Each structure stands twice: as C-alpha cells, then as structure tokens.
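Contents: one structure, followed by commentary.
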Amino acid sequence: MHHIITHGDVASATGSVTDEDGTEHSICDVFSFDGYSGDDPIASIESSVIATD
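Here this note's numbering is used: the first residue of the sequence shown is 2, the next is one more, and so on.
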C-alpha cells in the first residue's frame, strides 16, 4: 500500500502489486461505509487494477 485516505464515510487505498510473470499493476480500492462512526459496516467496494509495464 502506498496511500490510504479517508473522508467522511469513504476511504481509499492505493498501491502496486507484481504478478507471477513480473508484470506490475497499480491498484486502487474505494470503500463506502454505511455511516461515519468508524465501526459501521462496508456498504460497497470499487476496485481498479491497471497494468503499468
């Protein structure tokens, strides 16, 4: 993971991963929560993966 950002009921995380054949990918996950209290369940997750090689 490179960055984690939160604001209100949304959080995002970015990073990179290398697969078994050596191709590097940038990743981003965005989490939406059911509320703002910090222990509310995750309502949805959006994920993006982009090959960067």
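In this text, a Cβ means the ideal position worked out from N, Cα and C, and glycines have one as well. All of these numbers come straight from a predicted model, not from anything done at the bench.
- Query: S33 by DSSP, collapsed to three states: which one?
  - Reply: strand
- Item | Alpha-carbon to alpha-carbon, S38 and S18 | The sequence shown places Val at residue 18, not Ser. Cα to Cα, the separation comes out at about 31 Å.
- Item | Straight-line gap, C29 to D41 (C-alpha atoms, nearest Å) | 21 Å
- Query: Among T53, I43, E21 and T24, which residue has its Cα nearest to the Cα of S13?
  - Reply: I43
- Message: Quick test of your reading: G16 and H3, contact by CB under 8 Å. State the CB separation rounded to the nearest angstrom.
- Response: 5 Å
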